[in-house]
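Chains A and B, in that order, are what the protein sequence lines are.
With this note's numbering applied, the first sequence covers 8 to 466.
With this note's numbering applied, the second sequence covers 37 to 582.
The structure appears right after this line, and notes come after that.
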Amino acid sequence: MTLLRHTPKEITERSALTINPAKTCQPIGAMYAALGIHGCLPHSHGSQGCCAYHRSALTRHYKEPVSAATSSFTEGASVFGGQANLLQAIENIFTVYEPEIIAVHTTCLSETIGDDLNQIRDKAQKEGKIPAGKHVIGASTPSYVGSHVTGFSNMVKSAVAQLAESTGHKNGKVNILPGWVEPSDMEEIKRLATLVGVDSILLPDTSGVLNGPLSGEYKMFPEGGTTVEEIKATGDAIGTLALGEWCSADAARLLDSQFKVPCKVLDMPFGLKATDRFIDALRTVAGVSVPNEINTERGQLVDLISDMHQYFYHKKVALVGDPDQLIAMTEFLVSIDMLPVHIVTGTPGKAFERRIREITKELPCEVNVKAKGDMFLLHQWIKNEPVDLLLGNTYCKYIARDEDIPFVRFGFPILDRVGHQYFPSVGYKGGLRLLEKILGVLLDRKDRDDPEETFELVL
Amino acid sequence: MAKTKHRLVKWEPTAIKEELLSKYPPKVARKRAKQILINEAQENETPEIQANVRTIPGIITMRGCTYAGCKGVILGPTRDIVNITHGPIGCGFYSWLTRRNQTDATAEGAENYMPYCFSTDMQDQDIIFGGEKKLEKAIQEAYDTFHPKAIAIFATCPVGLIGDDIHAVAKKMKEKFGDCNVFAFSCEGYKGVSQSAGHHIANNQIFKHVVGENDADKPGEYKINLLGEYNIGGDGFEIDRILKKCGISNIATFSGNSTYDQFASAHVADLNCVMCHRSINYVADMLETKFGIPWIKVNFIGAEATAKSLRKIAQYFGDKKLIEKVEAVIAEEMPLVDAVRDDVRTRTEGKTAMLFVGGSRAHHYQELFAEIGMKTLSAGYEFAHRDDYEGREVIPDLKVDADSRNIEEIEVNADPERYSPRKPAEEIAKLEAAGYKFKHYDGMIPEMDKGTIVIDDLNQYEAEKLVELLHPDIFCAGIKEKFSIQKLGVPMKQLHSYDSGGPYAGFSGAINFYKEIDRLVNSRVWSYMKAPWQENPELSATYVWE
């Protein structure tokens, strides 16, 4: 019996009903970004359910404590405004949890009633509710605009807009905005920058925060995260590398226009070519030659692609996820001669479809792509044009089982597997891991389905 | 085996309470002091606890919202209703399959919409111009694509603010379709102070729009409804197995593994058995008032509790055949339970637990811990009211505050045609005289030891402090609390959705739970917190070859 048994093969246009969304709402992205600031307590300004849901979703994905506070609106606050709740919350948070910084984001509730975060923050400051040397920043993240990806971007932008400073002296550092990737990916991006010899400020940086050790101690604010001092210093950097147009470009452009920190917007470094461009940009910024260690890592990835090419060649893939990740992933699949044929992201934006069309324009097959799509549509596409591989978050497992498709978990949320917190998918090493996972499921399938006479030990 | 860490420091409960409150600003401390109670456990001397009051802004709470209680908890486990969340995408997304409600839809032709998430995905123009048109269209699209027997609409925060009349839209579409019941829930997240308000809104609408819709008689003897059971990790399957074995017919479970028709037929049952008192006690009252079905409190968490509940059901029907069958089933099931329990108990005896969940689970699971010799040091509810702590006697004294006044109370009268008392008054009186309790719940406090600490709406700071001070061998709460507790080196068992595993109800469930707790409290991993060089930081002076 199929799980998604009510999904018809025939596709009818839907304009009002979203079924099985490929995105979620802005505040959760803002919360994730805030967790990548050292000593930061994210705060959700709205009713308490939003905060509970976001904490639960992030906890299930990262398998780590996720602390965040809420303004706990009841009906009264919803009618008269949430100022009193937020002022009280700021005071309680600094007294009880002693964070360095509170990063407030709005919800659809506080946005709809029109609460002004800056005005409330100024009032809190005047009333002495923000201790000396501590900070409160805010981002506007109504849930009825954009998606979790834009929420992430908004919080990163708010962090630099409200904290970055320009002293007039360049500090020789390069800002790297990694976008919504895993803590392990952030760690890998730092490693690559260090290897190339770039002194970087990574913002945000959830490594060490959302992949921490078990040691018998609980720290609400672990060692990791970009410090407020570092965020201040982004205004004095010699340049910014923004990874991902959707996740990181807004903050980078703001640093450029406001503090004259020139920026370059790159794709997220998933796969061979995007990583090449990232390393090339690092090299250019630092004015150094690429160390041999990186050439070796690159060569290993190329080696694996050539060794196993027969198993990838012209295999059809369906994929769903966040736009920045999908763009780089689609390019990677094309670069190894796979055929990404169905691509859906829930995050709106016409530019996504344009980029995907560009990347896939030479493929010898039709490519379905939709920015404002959902996973119900993706499933219908698959029913009409079956694929050899499915890439996406955990919710794809229902499609994978129903249609019997090899499946690699990728993106957010991954609720039923581990590894994403610890092993990177970015860079050449990440490319090796992605390939290993893809090969693993394709070869498992071959071993499962090969008839007795062609079942072979050596592949 | 792991090193046992019996750190039962001689903390006085009053000192613990003081310590929990010491860091708060004075206003917060005053409020929290009323929600933390040191249990005296003496008859009629239990002091009052404050519950079902607002969460304090900025204090990291375990609670969720009204929408979560309505859509996530109550309607989530019904498989053949298309549940459309009217609002921005997040609310629908987060309540999509995350509660481990299992359902059995394997019957030929059975509908199952639980793996689907339906939302109107409101955009800013819908907030500005109103979302009713989009909702109407979404309902139409759902109907055209799936032709379900019912469509339910759930309001999220902004829907209430902009004033979309979801009930009018539902009514219009129901009339238009003719063969599909459409109804709506005003369960905006900001209503009430916790999920509890959402349960209330959900139950009221199900009672108004579905219960009693199908008058066809149901086959079977000894017909009951099971109220307040959500089939997390398959609990409902195990309870159904046992009931069936005893020859008891379960007409409807509210709402684990449930279908539209079960709700619609619930009024033909002869007894209502209430599991989670908090989430549903008022439905039991309404079913009694309208249809004449009496209700009793049951508990299928714990082997002894299960046996007791089965006997209670049998005693109600008073039929010798049923009483004997129930005894035979208990006699058949218990030996295996006893064997596992006795084995596990050798490794769990004397260990300690803390439970902070839901609105009955923190009570019920204490039975299971007691069965393996574990003591509950502290417990409390996330969204209970005072009656869940202190018993139903306090209900007349409960003050209705502004937040509760927003939640609809429905007026119920005896149904002119269908009301029929299930037992003659004298039979009920006879049962009561023999000590049988109808419409009764003692609450959690009387069953807890003297000196234990009962805390309402526990927050992260207090949880961490409690663990630090009392170092329990296991802590039970939800996913948000899981990893911060485990970082402290204490195993955490989720009792909302059980992490993995289950069922934990009934006889097989008890066995599963004993083994699970044995695994958790005796895992070797808890002995690895410190590396050898951290345990013994001094460098020895000499270099020794062994």
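Even for Gly, the Cβ is constructed at its ideal location relative to N, Cα and C.
Could you list which residues in chain A have their beta carbon closer than 9 Å to that of residue i, in chain order?
i	result
residue 568(B)	Result: empty, since nearest Cβ-Cβ is about 14 Å, beyond 9 Å.
residue 524(B)	223, 224, 225
residue 162(B)	151
Would residue i be called buried (16 or more neighbouring beta carbons within 10 Å of its own) or exposed?
i	result
residue 487(B)	exposed
residue 429(A)	exposed
residue 449(B)	exposed
residue 87(A)	exposed
residue 454(B)	exposed
residue 466(A)	exposed
residue 372(A)	exposed
residue 513(B)	buried
residue 327(B)	buried
residue 53(A)	buried
residue 125(A)	exposed
residue 9(A)	exposed
residue 37(B)	A caution first: residue 37(B) carries a pLDDT of 39, below 50, which makes its placement in the model unreliable, though a value can still be read off. Answer is exposed; the Cβ neighbour count stays below 16.
residue 426(A)	exposed
Listing by chain order, which chain A residues have their CB less than 8 Å from the CB of residue i?
i	result
residue 314(B)	Chain A residues near residue 314(B): none, gap ~17 Å exceeds 8 Å.
residue 418(B)	Simply none; closest approach about 10 Å.
residue 185(B)	What residue 185(B) touches in chain A: nothing, since even the nearest Cβ is about 13 Å away.
residue 516(B)	59, 62, 63, 66, 73
residue 463(B)	Within chain A, no residue comes near residue 463(B); the closest Cβ sits about 46 Å away, beyond 8 Å.
In chain B, what lies closer than 9 Å to residue i by C-beta?
i	result
residue 25(A)	125, 128, 153, 154, 155, 156, 157, 174
residue 82(A)	196, 224, 226, 227, 228, 438, 439, 442
residue 119(A)	163, 193, 194, 197, 198
Using only the alpha-carbon positions, how far apart do residue i and residue j sit?
i	j	result
residue 129(B)	residue 156(B)	11 Å
residue 395(B)	residue 312(B)	7 Å
residue 520(B)	residue 327(A)	32 Å
residue 332(B)	residue 87(B)	24 Å
residue 378(A)	residue 238(A)	32 Å
residue 461(B)	residue 307(B)	15 Å
residue 279(B)	residue 74(A)	42 Å
residue 177(B)	residue 189(B)	14 Å
residue 201(B)	residue 168(B)	7 Å
residue 374(B)	residue 411(B)	19 Å
residue 409(A)	residue 567(B)	46 Å
residue 210(B)	residue 184(B)	12 Å
residue 484(B)	residue 424(B)	13 Å
residue 47(A)	residue 230(A)	11 Å
residue 239(B)	residue 110(B)	8 Å
residue 398(B)	residue 404(B)	11 Å
Kindly list, in the order they appear in chain A, the residues whose Cβ is closer than 7 Å to that of residue i.
i	result
residue 64(B)	99
residue 500(B)	225
residue 300(B)	Result: empty, since nearest Cβ-Cβ is about 21 Å, beyond 7 Å.
residue 61(B)	98, 99, 102
Residues of chain B with CB closer than 7 Å to the CB of residue i, please, in chain order.
i	result
residue 230(A)	Chain B residues near residue 230(A): none, gap ~13 Å exceeds 7 Å.
residue 8(A)	142
residue 424(A)	The premise fails here: residue 424(A) is roughly 13 Å from chain B at the closest Cβ pair, so nothing lies under 7 Å.
Tell me whether residue i counts as near the ligand GTP, meaning its Cβ is closer than 6 Å to at least one heavy atom of that ligand.
i	result
residue 388(B)	For the structure depicted, the ligand GTP is absent and the ligand set is empty, with no information on it obtainable.
Contact residues within the stretch 437-461 of chain B, judged by C-beta distance below 9 Å to chain A: Of all residues in the stretch 437-461 of chain B, the ones placed with a Cβ closer than 9 Å to any Cβ belonging to chain A are 438, 439, 442, in chain order.
Mind listing which residues of the stretch 383-412 of chain A have their C-beta closer than 7 Å to chain B's C-betas, in chain order? Per Cβ criterion, the list reads 405.
Could you tell me whether the stretch 378-388 of chain A touches the stretch 343-353 of chain A, where touching means 3 or more Cβ pairs closer than 8 Å? Contact between the stretch 378-388 of chain A and the stretch 343-353 of chain A is established, with three or more Cβ pairs separated by less than 8 Å.
Near-chain B residues of the stretch 288-307 of chain A (beta-carbon distance less than 7 Å), N- to C-terminal order: From the stretch 288-307 of chain A, no residue has a Cβ closer than 7 Å to chain B.
Under 8 Å, CB to CB, which of the residues in the stretch 426-442 of chain A have a partner in chain B? Within the stretch 426-442 of chain A, no residue places its CB atom closer than 8 Å to a CB of chain B.
Near-chain A residues of the stretch 69-103 of chain B (beta-carbon distance less than 9 Å), N- to C-terminal order: Taking a C-beta cut-off of 9 Å against chain A, the contacting residues of the stretch 69-103 of chain B are 90, 91, 92, 93, 94, 95, 96, 97, 98, 99, 100, 101, 102, 103, listed in chain order.
Would you call the stretch 159-167 of chain A in contact with the stretch 257-265 of chain A, where contact means no fewer than 3 C-beta pairs closer than 8 Å? Judged by Cβ distances under 8 Å, the stretch 159-167 of chain A makes contact with the stretch 257-265 of chain A, as three or more pairs qualify.
The stretch 228-235 of chain B touching the stretch 267-275 of chain B, judged by at least three CB pairs closer than 8 Å: Judged by pairs of C-beta atoms under 8 Å, the stretch 228-235 of chain B does not touch the stretch 267-275 of chain B, as fewer than three such pairs exist.
At least three beta-carbon pairs within less than 8 Å, the stretch 65-77 of chain B to the stretch 102-121 of chain A: In short, these stretches do not touch, since the Cβ pair count stays below three.
For the stretch 188-220 of chain B, enumerate the residues whose C-beta is nearer than 9 Å to any C-beta of chain A, in chain order. When CB distances to chain A are screened at a threshold of 9 Å, the residues of the stretch 188-220 of chain B falling below it are 192, 193, 194, 196, 197, 198, in chain order.
Check each residue of the stretch 479-512 of chain B: if its Cβ is closer than 7 Å to any Cβ of chain A, include it; give the result in chain order. Hits within the stretch, in order: 496, 497, 500.
Below 9 Å between beta carbons is the criterion; list the residues of the stretch 26-57 of chain A that meet it against any residue of chain B, in chain order. Under the 9 Å Cβ criterion, the stretch 26-57 of chain A contributes 26, 27, 28, 30, 31, 32, 33, 34, 35, 48, 50, 53, 54, 55, 56, 57.
Taking contact to mean 3 or more Cβ pairs, one atom from each stretch, closer than 8 Å, check whether the stretch 132-140 of chain A and the stretch 112-120 of chain A are in contact. Flag = no, the stretch 132-140 of chain A and the stretch 112-120 of chain A do not touch.
How do the stretch 336-346 of chain B and the stretch 248-260 of chain B stand: do at least 3 beta-carbon pairs fall below 8 Å, yes or no? Touching, no, given that fewer than three Cβ pairs across the two stretches are closer than 8 Å.
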